[in-house]
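> Residue numbers (this note's numbering), protein chains in the order written: chain A, 3 to 414; chain B, -12 to 346. Here a beta-carbon is modelled for each residue, glycine too, at the ideal position from N, C-alpha and C. What follows is a single structure, and I will ask about it in a moment.
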Ligand SMILES: [Zn+2]
């Protein structure tokens, strides 16, 4: 047993050992307990108040998402219908073991919060590779833990790190009641091979691919203000994490009159090109080199051709056939878009698969999209207007996190 | 079909002035563009894409990394005479360069032309700063082994300075020196090996060797040395202090463009020979930069006809200082290499644990 290699990151000190923490279950809370609500509210306040987070839009967005009003709205959405509550009681699962992605994407914080709102205890494993964003997350969590020493949630959360070690991962996995796996396909598959107890559940969030769907007519017809909003929204969906978040669109599909596509596309990309050059995207020479390699790889695989719409490598648009639109093997993000056009929604079915997560849309009615989905599509987890690509939803990758991180006890 | 007679007829590999070189080299490279478009479908696809964006003055430069991922060749399989592979630890992919007889012959011939410029036409006694087994196992040939064998043709009485345990065999080295006393000798090794296992050891033990009058040629990159704060001038000072070596020529080359190497002149600049050229590229705009500015090194060579490696974009950073006006008197662009492009930060939910899950 090498549990001594585990380093506690938050709280900074604890009277409990990791082993005791993981095995004790008497301290579970109930769903939406006042203690959890207070904890989340305090976390939100810290994120929005501390000037350290001002420069990190993703931390600010998290802060807003955690505000009391939003949590109340979520609680309503997640509320169990009376027909069920009459004969069922919702309780937490127990200990939830969160494996965060190595380059901390704040996204795992959302699922952590949902988990603690449901009353679970939470053990979070961060990558042993420290990053600026990881430091920020720990900083804010420790602030909250210090501020709320008597809140029971403060004693049911542990954030740890340890060097890659299957013995430890195996032990922690064997203690938990639910395991949340964030990360690349390899991490998720690797952790999946370490058993959890038979009564525990695994919730896996592996690599996903996202795309944007733009209406040709709507883009051409948009008034100046509406068009500017679209462009801003598209840029923040795609350049915020260097286009490497799973929900950042990596492809753009035009829907509508094929004769008008090039006109709409030119209008759109010229504006995006101007916008990204004002955006703090942080792309550097090595990123551009990656893109150059991808341009060649995609040309080899799909005979795609660079579009001349961009003024430099900050924006890269590749015109491709539909078959080359969803490229999950080499796509390097960093402001790279595969572009094609379809004349009807169902044309997309040919390339969608379970690895495709988010479709951000513009100028297409919800009714049209509903009709398309109801006839059955082979992929997609969520459809949101352009600009909401990176927003978190309690239903993620098709999984209702409130439901997955709690259990029903029925009583007849 | 790749006729290089015009280049071979020049009195030295640094003969062509800018105007003439621009014209001759340009038309030759343009002919290679067309040749590879016609004979390598993968190259044609990349070229169609790049050309549409108007990069590099409409020229097509392949990122060198592609040779690690794809078999890019412009000859039929039965004409492949040998396949060069780059170094690389087991975890890295290696470049695979397909040579036909013609390209291989040009590579050897051009290397001879360039090396003879520095070493003379007579084969010199050769001291190799490495251990002999590096070239023994021809099946698992390292790039170091290949480099040593390639350069060995310019020397005679090949003597390895190190034993297999990387210790200097002083007895053997002293015997070599004594045997060739007063005559010029040719010393070759990889930059890091020469520094770590030869100069440093001599310096620390206070040993002096009399290798005055010899020519040291070394290559292989400065990355490991820059990490320990050793640059070209320190390297040369120690070469002189420990061995009395005054003529030191680093060279810049890569497995993707063997033959037309860039050798350091007497004034410490790497020079483009007539057969090759160098451009500095801004990664953001994919356009060539003016002299004096640092950027990615793009290399062109008239040699590769069996594989589309005549114009390549490397991941090395460099600066060109001028053309035809280096104080050493040689023609051609002259430049410095600053090292590798720093790695990009990996973000988001991509497969970043990959390295971690390996047992
Ligand atoms: Zn010079």
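1. Do the segment 380 to 391 of chain A and the segment 43 to 60 of chain A touch if we need at least three Cβ pairs shorter than 8 Å?
2. With a CB to CB cut of under 6 Å and the five nearest residues on each side skipped, what residues in its chain are close to residue 120 of chain B?
3. Answer yes or no: does any C-beta atom of chain A fall closer than 7 Å to that of residue 166 of chain B?
4. Since residue 314 of chain A meets chain B, which of its residues come closer than 9 Å, beta carbon to beta carbon?
5. Name the chain B residues that come within less than 7 Å of residue 302 of chain A, Cβ to Cβ?
6. Any heavy atom of ligand 1 within a distance shorter than 6 Å of the CB on residue 256 of chain B?
7. Take residue 4 of chain B as the anchor and find which of B/260, B/40 and B/278 has the nearest alpha-carbon.
8. Taking DSSP's pairing of strands, which residues face residue 238 of chain B in a bridge?
9. Listing by chain order, which chain B residues have their CB less than 9 Å from the CB of residue 341 of chain A?
10. Using 6 Å as the cut-off, classify the Cβ of residue 317 of chain B as near or not near the heavy atoms of ligand 1, replying yes or no.
11. Determine the burial state of residue 100 of chain A: buried for a count of at least 16 other Cβ atoms within 10 Å of its Cβ, exposed for fewer.
12. Just to check, is the beta-carbon of residue 252 of chain B closer than 6 Å to a non-hydrogen atom of ligand 1?
13. Please name the residue or residues paired with residue 310 of chain B in a DSSP beta bridge.
14. Tell me, please, whether the segment 224 to 238 of chain A touches the segment 183 to 202 of chain A by the rule of three or more beta-carbon pairs shorter than 8 Å.
15. On a Cα-Cα basis, can you pick out the residue from A/8, A/349, A/42 and A/175 that is closest to residue 258 of chain A?
16. Compile a chain-ordered list of the residues in the segment 202 to 213 of chain B whose CB is closer than 8 Å to at least one CB of chain A.
17. Which ranges would you report for the alpha helix (DSSP H) in the segment 206 to 247 of chain A if only whole runs of at least 4 residues count?
18. Residue 52 of chain B CB to nearest chain A CB: under 7 Å?
19. Is residue 255 of chain A near ligand 1 - that is, is its Cβ less than 6 Å away from at least one heavy atom of it?
20. Which runs of the alpha helix (DSSP H) fall wholly inside the segment 63 to 136 of chain B and span at least 4 residues, in chain order?
21. State the Cα-Cα distance for the pair residue 82 of chain A and residue 41 of chain A, rounded to the nearest angstrom.
22. Measuring CA to CA, which of A/211, A/299, A/312 and A/390 is closest to residue 29 of chain B?
23. Can you grab the Cα-Cα spacing for the pair residue 32 of chain A / residue 166 of chain A, in whole Å?
24. Could you tell me whether the segment 196 to 204 of chain B touches the segment 224 to 244 of chain B, using the rule of 3 or more Cβ pairs below 8 Å?
25. Using the DSSP secondary-structure output, state which residues sit across from residue 384 of chain A in a beta bridge.
26. Can you have a look at residue 362 of chain A and say buried or exposed, based on whether 16 or more other CB atoms are within 10 angstroms of its CB?
27. Closer than 6 Å: is that where the CB of residue 321 of chain B sits relative to any heavy atom of ligand 1?
28. Does residue 255 of chain A come out as helix, strand or coil in the three-state DSSP assignment?
29. According to the neighbour-count rule (16 or more other Cβ atoms, all chains shown, within 10 Å of its Cβ), is residue -7 of chain B buried or exposed?
30. So, with DSSP's three-state summary, where would you put residue 195 of chain B?
31. Return the residue from the list B/106, B/307 and B/291 that minimises the CA-CA distance to residue 285 of chain B.
32. Which residues, taken in chain order from the segment 37 to 51 of chain B, show a beta carbon closer than 9 Å to some beta carbon of chain A?
33. For the segment 74 to 159 of chain A, which segments carrying the beta strand (DSSP E) assignment without a break, of at least 3 residues, lie completely within its bounds, in sequence order?
34. Residue 355 of chain A: buried (16+ other C-beta within 10 angstroms of its C-beta) or exposed?
35. Thinking C-alpha only, which one of A/45, A/21 and A/353 is nearest residue 144 of chain A?
36. Should residue 262 of chain A and residue 290 of chain A be called a contact, given that it needs their Cβ atoms to be closer than 7 Å?
Looking at the coordinates:
1. no
2. Exclusion of the five residues before and after residue 120 of chain B leaves 151 as the residues of its chain whose Cβ lies within less than 6 Å of its Cβ.
3. Not a single CB atom of chain A sits nearer than 7 Å to the CB of residue 166 of chain B.
4. Going along chain B in sequence order, the residues near residue 314 of chain A (Cβ under 9 Å) are 269, 271, 272, 273 and 274.
5. Chain-ordered, the chain B residues with CB closer than 7 Å to the CB of residue 302 of chain A read 29, 32, 33 and 57.
6. At least one heavy atom of ligand 1 is nearer than 6 Å to the Cβ of residue 256 of chain B, so yes.
7. B/260
8. B/206 and B/250
9. By Cβ distance, chain B contributes nothing, its closest Cβ being about 13 Å from residue 341 of chain A, past 9 Å.
10. yes
11. Per the 10 Å Cβ criterion, buried.
12. yes
13. The partner list for residue 310 of chain B (beta bridge, DSSP) reads B/320.
14. no
15. Ranking A/8, A/349, A/42 and A/175 by Cα distance to residue 258 of chain A puts A/349 first.
16. Result list empty, no residue passes.
17. Counting whole runs of 4 or more residues, the segment 206 to 247 of chain A contains the alpha helix (DSSP H) stretches 218 to 223 and 226 to 241.
18. yes
19. no
20. If we require 4 residues or more, the alpha helix (DSSP H) runs fully inside the segment 63 to 136 of chain B come out as 88 to 106.
21. 23 Å
22. A/299
23. 34 Å
24. yes
25. DSSP, once it has assigned bridges, lists A/360 as partnering residue 384 of chain A.
26. With 16 or more Cβ atoms within 10 Å of its Cβ, residue 362 of chain A is classed as buried.
27. yes
28. Strand.
29. exposed
30. coil
31. B/307
32. Taking 9 Å as the Cβ-Cβ cut-off against chain A, the residues of the segment 37 to 51 of chain B that qualify are 37, 38, 39, 40, 41, 42, 48, 49 and 50.
33. If you keep only unbroken beta strand (DSSP E) runs of at least 3 residues inside the segment 74 to 159 of chain A, you get 90 to 94, 97 to 101 and 123 to 128.
34. exposed
35. A/45
36. No.
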